[in-house]
Amino acid sequence: MASVDPLQAYRWLVVCREFDRALCAANPRWFPIEGEEATTVGAFIDLRTDDAVAPHYRDPFVVYLMRGAEMWRLASQVLGKADGYNKGRSVPFNGPVELNVVPWVAGDLGTTLGTATGAALAFQQEGSDRVCVCAFGDGTANRGDVHEALNLAACWRLPIVYVCQNNGWAISQPLDSYLAGSIASRADGYGMPGVCVDGNDVDAVRRAVIEAVRRARVGEGPSLIEARTWRWRGHWAGDDQAYRDPALEPPDIEDPLDLYAYRLLSSGTADLAQLRRIHADVESEVAEAMQRALAAPDAGASELGVDEVYA
Amino acid sequence: MTARHSSDEASEHLPRSGVASGETMTMTEAVIAAIACEMRADQRVFYIGQDVGRMGGSMQGTHGLHAEFGARRVREAPISESAMVGAAIGAALFGQRPIVEISFGEFIPAAMSQLINQAPNLHYMTGGLARVPVVVRTRVGDGPYGGHPQDYSVWFAHVPGLKVVMPSQPEDAFALMRAAIRDDNPVLFFEPMSLAHGPRGPVVSNADGSVPIGKARIVRAGRDISVVTIGSMVPASVRTADDLAGDGISVEVVDLRSIRPLDRATVVESVQHTRRLVTVQEAWVTGGIGAEIAAIVAETCPDALCAPVIRLGTADVPTPSGKVRLHALPNPERIAEAIRALLT
Numbered sequence: 089m090a091s092v093d094p095l096q097a098y099r100w101l102v103v104c105r106e107f108d109r110a111l112c113a114a115n116p117r118w119f120p121i122e123g124e125e126a127t128t129v130g131a132f133i134d135l136r137t138d139d140a141v142a143p144h145y146r147d148p149f150v151v152y153l154m155r156g157a158e159m160w161r162l163a164s165q166v167l168g169k170a171d172g173y174n175k176g177r178s179v180p181f182n183g184p185v186e187l188n189v190v191p192w193v194a195g196d197l198g199t200t201l202g203t204a205t206g207a208a209l210a211f212q213q214e215g216s217d218r219v220c221v222c223a224f225g226d227g228t229a230n231r232g233d234v235h236e237a238l239n240l241a242a243c244w245r246l247p248i249v250y251v252c253q254n255n256g257w258a259i260s261q262p263l264d265s266y267l268a269g270s271i272a273s274r275a276d277g278y279g280m281p282g283v284c285v286d287g288n289d290v291d292a293v294r295r296a297v298i299e300a301v302r303r304a305r306v307g308e309g310p311s312l313i314e315a316r317t318w319r320w321r322g323h324w325a326g327d328d329q330a331y332r333d334p335a336l337e338p339p340d341i342e343d344p345l346d347l348y349a350y351r352l353l354s355s356g357t358a359d360l361a362q363l364r365r366i367h368a369d370v371e372s373e374v375a376e377a378m379q380r381a382l383a384a385p386d387a388g389a390s391e392l393g394v395d396e397v398y399a
Numbered sequence: 023m024t025a026r027h028s029s030d031e032a033s034e035h036l037p038r039s040g041v042a043s044g045e046t047m048t049m050t051e052a053v054i055a056a057i058a059c060e061m062r063a064d065q066r067v068f069y070i071g072q073d074v075g076r077m078g079g080s081m082q083g084t085h086g087l088h089a090e091f092g093a094r095r096v097r098e099a100p101i102s103e104s105a106m107v108g109a110a111i112g113a114a115l116f117g118q119r120p121i122v123e124i125s126f127g128e129f130i131p132a133a134m135s136q137l138i139n140q141a142p143n144l145h146y147m148t149g150g151l152a153r154v155p156v157v158v159r160t161r162v163g164d165g166p167y168g169g170h171p172q173d174y175s176v177w178f179a180h181v182p183g184l185k186v187v188m189p190s191q192p193e194d195a196f197a198l199m200r201a202a203i204r205d206d207n208p209v210l211f212f213e214p215m216s217l218a219h220g221p222r223g224p225v226v227s228n229a230d231g232s233v234p235i236g237k238a239r240i241v242r243a244g245r246d247i248s249v250v251t252i253g254s255m256v257p258a259s260v261r262t263a264d265d266l267a268g269d270g271i272s273v274e275v276v277d278l279r280s281i282r283p284l285d286r287a288t289v290v291e292s293v294q295h296t297r298r299l300v301t302v303q304e305a306w307v308t309g310g311i312g313a314e315i316a317a318i319v320a321e322t323c324p325d326a327l328c329a330p331v332i333r334l335g336t337a338d339v340p341t342p343s344g345k346v347r348l349h350a351l352p353n354p355e356r357i358a359e360a361i362r363a364l365l366t
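Structure representation (structure tokens):
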């Protein structure tokens with residue numbers, strides 16, 4: 089984990105949260121990530137730029153930013169602007185394919201696991217040591233596509249890491265209505281390693297992913313990681329969550345940013361002033377990006393592209 | 023595109039391929055030869071399917087490929103059509119050119135999200151950056167063994183972003199498979215099962231694009247009526263035309279070869295010439311390709327017709343198997359009956 093500066097890791101956590109909050113404020117249909125930042129940041133922060141990434145749809149933007157995407161253009165996607173990636177045509181969380189992001193254009197869940205598995209297949213065919221990391225939700229985990237993809241990847245020893253971001257909710261349904269067992273323990277049935285980690289601890293997620301990526305790179309095949317976290321907000325930003333009983337909320341939910349900040353401070357890796365500066369910098373970066381996106385023209389007829397259906 | 027197609031003479035490759043010999047081939051042999059040609063020319067082309075290894079594929083549809091190219095390029099997958107197609111799409115996005123075989127068309131619905139929500143949308147939805155050069159190969163219709171006869175090819179013609187082809191003779195099968203592999207878009211390649219092992223036909227294609235996807239063929243010129251058809255119903259229609267010629271009825275047979283894109287110009291030209299239209303396909307009639315053809319004629323040249331349009335296809339019942347199926351299928355007798363009805 090030495091390759092990424094701890095302060096940079098903290099910065100990505102802050103970017104993830106602050107940008108997500110701004111997007112939620114601007115678009116009530118956005119899918120908020122608040123509370124789950126450590127899983128998304130931890131799963132993708134240690135990859136090479138030539139590796140493929142297929143993050144979960146719940147605000148994956150920090151992953152695209154890590155690979156060089158422009159924040160204002162991502163914001164433009166969420167606001168339906170012409171300057172967004174993908175010309176405003178696809179679901180707003182679809183990332184820039186030119187940055188080795190596995191495109192997500194199917195709105196149903198689980199379909200991207202097959203496609204991400206195919207990215208790993210391409211890497212095996214070309215004989216490279218590139219890998220793919222693919223994240224998905226606990227709700228998605230029950231799709232047949234997940235089973236098919238994991239089994240295929242295991243049979244062919246494909247260089248892929250599956251990360252289940254288990255936040256305890258599938259839209260309005262609590263976990264016990266759709267999951268009777270552990271996701272990580274399914275791995276045994278596919279013949280791949282499976283581990284369950286604290287999804288609120290960015291270091292715990294990183295350690296698990298780094299080991300899984302190492303295996304994948306040297307041809308030892310796929311792994312499954314279940315990162316347990318908690319969905320703080322609604323399924324979408326404007327979701328009033330009337331279905332959620334406050335009495336049933338776990339009393340001890342960890343804030344992934346606080347947890348990591350405490351670790352940095354108590355170990356002497358950073359001081360409070362440094363962390364405060366990160367927050368201030370990120371807040372102004374986000375404000376600037378949102379301002380630019382809001383001022384951009386809406387996507388319209390010129391983005392329809394009836395002649396751009398076929399390559 | 024990397025360097026390839028250095029030597030495209032099919033006949034050069036065929037003896038070496040171990041999949042066919044002599045001047046004529048069955049449709050299956052022609053498809054295998056086309057795949058082998060492309061796999062030799064381009065390392066990025068590889069194959070995914072069930073039983074495609076030592077067994078040689080369903081209906082021997084990949085015979086010889088595993089022996090020549092090995093297990094890395096002719097991959098046997100677990101029975102999981104969605105993952106197979108999904109993995110092919112992903113591999114294509116990252117620079118490979120996979121062919122994925124769904125053993126029989128009846129199994130295609132298991133991969134529907136990949137085929138409808140993902141493959142056709144990726145290029146457009148990424149603003150033109152992603153490319154999905156995937157061929158999905160499958161077998162449909164009545165066949166020598168009577169199993170899995172469902173023909174769902176028409177479903178896919180509805181979807182922008184897909185290409186859909188169905189050859190009716192070995193020559194076209196060879197050329198269209200090569201064109202499909204070279205295409206940068208997802209192409210569904212439907213093989214009519216009843217034509218898989220015969221009749222044999224010459225395969226002499228050597229030039230790129232000798233049968234472009236989306237180009238129909240006038241199989242038999244005629245004056246009195248156009249029969250617009252595809253796949254297994256092409257030879258059936260030609261047989262009918264031959265029979266009716268003895269009665270002085272001149273039938274033009276148009277083989278669509280592709281149902282998306284559809285060769286509207288050839289259809290319209292034929293109907294303007296003959297002024298009568300019968301459509302025949304081995305799939306259900308309702309919402310089928312015949313409906314599309316009739317609509318094109320109605321939109322383009324409604325005054326050309328001097329008689330109503332008749333659409334033929336498999337009876338509107340869940341596709342029966344066994345001997346019941348013979349009563350559901352279109353055949354030369356039913357085609358002749360329709361033609362006579364429009365000419366009297």
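Sequence order for the protein chains is V and R. In terms of the numbering used here, the first sequence opens at residue 89 and continues consecutively. In terms of the numbering used here, the second sequence opens at residue 23 and continues consecutively. Ideal placement from N, C-alpha and C gives every residue a C-beta, glycine not left out.
Measure from the alpha carbon of residue i to the alpha carbon of each residue in the options, then state which is nearest.
| i | options | result |
| --- | --- | --- |
| Val186(R) | Lys237(R), Gly169(R), Arg95(R) and Pro221(R) | Lys237(R) |
| Glu90(R) | Ile54(R), Phe116(R) and Ala243(R) | Ile54(R) |
| Glu308(V) | Trp244(V), Ser355(V), Ala163(V) and Ala296(V) | Trp244(V) |
| Thr341(R) | Gly268(R), Val289(R), Pro171(R) and Leu198(R) | Pro171(R) |
| Pro11(R) | Gly163(R), Tyr167(R), Val339(R) and Pro142(R) | The structure shown does not extend to residue 11(R), since chain R spans only 23 to 366, so no value can be given for it. |
| Gly79(R) | Met61(R), Glu98(R), Ala110(R) and Arg200(R) | Glu98(R) |
| Ile247(R) | Leu266(R), Ile235(R) and Gly253(R) | Leu266(R) |
| Arg286(R) | Ile361(R), Glu321(R) and Pro214(R) | Glu321(R) |
| Met77(R) | Val96(R), Phe68(R) and Asp64(R) | Val96(R) |
| Ile124(R) | Val107(R), Ile311(R), Pro234(R) and Ala93(R) | Val107(R) |
| Arg204(R) | Val157(R), His180(R) and Glu193(R) | Val157(R) |
| Ile118(R) | Gln165(V), Phe211(V), Ser178(V) and Thr205(V) | In the sequence as displayed, the identity of residue 118(R) is Gln instead of Ile. The option with the nearest alpha carbon to Gln118(R) is Phe211(V). |
| Trp100(V) | Ala315(V), Ile259(V), Val219(V) and Pro148(V) | Pro148(V) |
| Asp134(V) | Ala237(V), Pro184(V), Leu263(V) and Arg218(V) | Arg218(V) |
| Ala215(R) | Val122(R), Asn139(R) and Ala305(R) | The residue you asked about is not Ala; residue 215(R) is Met in the sequence shown. Of Val122(R), Asn139(R) and Ala305(R), the residue nearest in Cα terms is Ala305(R). |
| Val176(R) | Ile361(R), Gly92(R), Val162(R) and Pro100(R) | Val162(R) |
| Ala208(V) | Gly172(V), Ala140(V) and Ala275(V) | Ala140(V) |
Hey, how far is the Cα of residue i from the Cα of residue j?
| i | j | result |
| --- | --- | --- |
| Ile70(R) | Asp264(R) | 41 Å |
| Ile130(R) | Ser372(V) | 51 Å |
| Ala358(R) | Val234(V) | 51 Å |
| Met134(R) | Ala361(V) | 54 Å |
| Ala387(V) | Arg297(R) | 46 Å |
| Ala304(V) | Pro344(V) | 27 Å |
| Arg66(R) | Ala375(V) | 45 Å |
| Asp196(V) | Pro94(V) | 36 Å |
| Ala384(V) | Arg109(V) | 20 Å |
| Leu334(R) | Val275(R) | 14 Å |
| Arg136(V) | Leu115(R) | 18 Å |
| Leu246(V) | Ser102(R) | 16 Å |
| Val293(V) | Ala229(V) | 18 Å |
| Tyr98(V) | Arg282(R) | 51 Å |
| Ala300(V) | Thr317(V) | 20 Å |
| Glu106(V) | Asn182(V) | 20 Å |
| Pro208(R) | Asn115(V) | 34 Å |
| His180(R) | Leu137(R) | 12 Å |
| Glu391(V) | Ala399(V) | 16 Å |
What are the boundary residues of the beta strand (DSSP E) that includes residue i?
| i | result |
| --- | --- |
| Ala243(R) | Taken as a continuous stretch (DSSP letters only), Ala243(R) belongs to no beta strand (DSSP E), as it is neither H nor E. |
| Ala207(V) | Where Ala207(V) is concerned, there is no enclosing beta strand (DSSP E), although the alpha helix (DSSP H) it sits in stretches over Thr199 to Glu214. |
| Asp286(V) | Gly282 to Asp286 |
| Gln253(V) | Ile248 to Asn254 |
| Asp277(R) | Val273 to Asp277 |
Along the chain, where does the alpha helix (DSSP H) that runs through residue i open and close?
| i | result |
| --- | --- |
| Glu193(R) | Pro192 to Arg204 |
| Tyr410(V) | It is not possible to answer for residue 410(V), since the shown part of chain V is limited to 89 through 399. |
| Arg305(V) | Val290 to Arg305 |
| Glu321(R) | Ile311 to Thr322 |
Subject >> the segment 153 to 164 of chain V in contact with the segment 116 to 127 of chain V per 3-pair CB rule at 8 Å >> reply: Taking a cut-off of 8 Å on C-beta distances, the segment 153 to 164 of chain V does not touch the segment 116 to 127 of chain V, as fewer than three cross pairs fall below it.
Subject >> Within 8 Å of chain V by C-beta, residues of the segment 264 to 288 of chain R in sequence order >> reply: Along the segment 264 to 288 of chain R, none of the residues has a CB nearer than 8 Å to a CB of chain V.
Subject >> Cβ contact check for the segment 310 to 323 of chain V and the segment 350 to 362 of chain V: 3 or more pairs under 8 Å >> reply: Taking a cut-off of 8 Å for Cβ pairs, the segment 310 to 323 of chain V and the segment 350 to 362 of chain V do not touch, as fewer than three such pairs fall below it.
Subject >> At least three beta-carbon pairs within less than 8 Å, the segment 179 to 199 of chain V to the segment 144 to 156 of chain R >> reply: A contact is defined here as three or more CB-CB pairs under 8 Å, and the segment 179 to 199 of chain V meets this definition with respect to the segment 144 to 156 of chain R.
Original post:
Between the segment 258 to 278 of chain R and the segment 339 to 359 of chain R, are three or more C-beta pairs nearer than 8 Å?
Top reply: With a cut-off of 8 Å, the segment 339 to 359 of chain R and the segment 258 to 278 of chain R count as touching, because enough Cβ pairs lie within range.
Subject >> Three or more C-beta pairs below 8 Å linking the segment 287 to 304 of chain R and the segment 323 to 333 of chain R >> reply: Output reads yes: the segment 323 to 333 of chain R touches the segment 287 to 304 of chain R.
Original post:
Does the segment 285 to 296 of chain V come within contact of the segment 158 to 170 of chain V, defined as at least 3 CB pairs closer than 8 Å?
Top reply: They do not touch, by the three-pair rule.
Subject >> Members of the segment 143 to 173 of chain R near chain V, C-beta cut-off 7 Å >> reply: When CB distances to chain V are screened at a threshold of 7 Å, the residues of the segment 143 to 173 of chain R falling below it are Asn143, Leu144, His145, Tyr146, Met147, Thr148, Gly149, Gly150, Leu151, Ala152 and Arg153, in chain order.
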